[in-house]
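In full-length UniProt numbering, the protein residues as written are 1 to 269. All C-beta atoms in this analysis are idealised placements derived from N, C-alpha and C, irrespective of residue type, glycine included. The structure appears right after this line, and notes come after that.
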Amino acid sequence: MTTPLRPLEVFISQAQPGVILDPDQSSRREGKLSWHRKSSILDQNPESTRLPPYKPTCLPGLTALKAILWKCTQSVLSLWRQPFPARYCPDNGRLLFKTAYGLRLIVHNNGDTGCTTIEITAGQSPNRRVRGGIGQLYHYRLVPDWQTSFLWYDTRWPHNPPGEAHVDEETIEERYPTLAPFYYYAWQTSYEDSFTAQGCDRGSGLDVFPDAASRVGWEVGGFLFPCWLVLQGDVEQVKYEVATGTYSIRRENLSSVAQTFLADVDALL
């Protein structure tokens, strides 16, 4: 029997100060959100200088950021049917998404400055291809559509392969071998299974997911894919198009788009 893939691990440091477990408490706290990416696979290739530099941004206001992420983690863990882990995060982080394909999202509570910091890193991907200049990078759309790969070229971008719209599974496996197994056999399959269980393939008219928590868990897990893709050497933009909204993700706007996305999914929980 094969071991089920675990595409996403969530670590909560419950014993450390600063983790807001009560959303009512968090609504009374205002803070600043700043992003910092220590490194990505782009730093490990000289040609990465062709891409615009990643600029950390300090954003005013995502009230209850950690409470939002706390609720999201419960939805994600429920979706993947994982036991709830309670252990310390590395590097004094307060909360961590750690994906099997190399992406890490850590929330730090900087008590001295009153600033909450989110750090996103991407591990090195084997067989990575770096396309030529900035204008030749791929633009993708990540759109759930039953019995497709969910990944599409943005046909309005002239430097994508001409005459192609859908990115088939073989292409994804060849281009992003680190991402592919977790993309297909976990995240995509969970949508397909829920789609049929809800009778959507038979015209039931029901939502794909039975409840908001299942939907948020799936959308949060999926949001991490574009974040990983835009940190690769051959991607400039990914549009993440789900029921909650459409999010145009680029490496230079990760912070602001993530802020919007987290606020949007929090409204559903």
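Around the beta carbon of alanine 122, a 10 Å sphere encloses 16 or more other beta carbons of the protein chains shown; the residue is thus reported as buried.
CA-CA distance, proline 161 to valine 242, rounds to 24 Å. Between the region 211 to 231 and the region 178 to 189, the count of C-beta pairs closer than 8 Å reaches three or more; the two stretches touch. Leaving aside the five residues that flank phenylalanine 195 on each side, the residues in its chain whose CB is nearer than 7 Å to its CB run, in chain order, Trp146, Asp201, Val208.
For alanine 263, the three-state secondary structure derived from DSSP is helix. In this structure, DSSP gives glutamate 170 a helical state, which the three-state scheme calls helix.
Collapsing the DSSP output to three states places glycine 222 in a helix. Partner residues in the beta bridge of alanine 122, as assigned by DSSP, are Leu103. Close CB contacts of tyrosine 191 within its chain, under the 7 Å cut and outside five residues either way in sequence, are with Pro144, Val208, Trp218 (chain order). Here threonine 260 is near tyrosine 247, since their CB atoms are less than 8 Å apart. Using a Cβ distance threshold of 8 Å, leucine 268 and threonine 244 count as a contacting pair. C-alpha of tyrosine 153 to C-alpha of aspartate 193: approximately 25 Å in a straight line.
Considering only Val235, Val167, Cys227, the residue with the shortest C-alpha distance to leucine 105 is Cys227. Bridge partners of glutamate 241 according to DSSP: Thr246.
Taking a C-beta distance under 8 Å as the contact criterion, isoleucine 172 and leucine 142 do not qualify as a contact pair. Straight-line measurement puts the Cα of serine 204 at about 30 Å from the Cα of proline 181.
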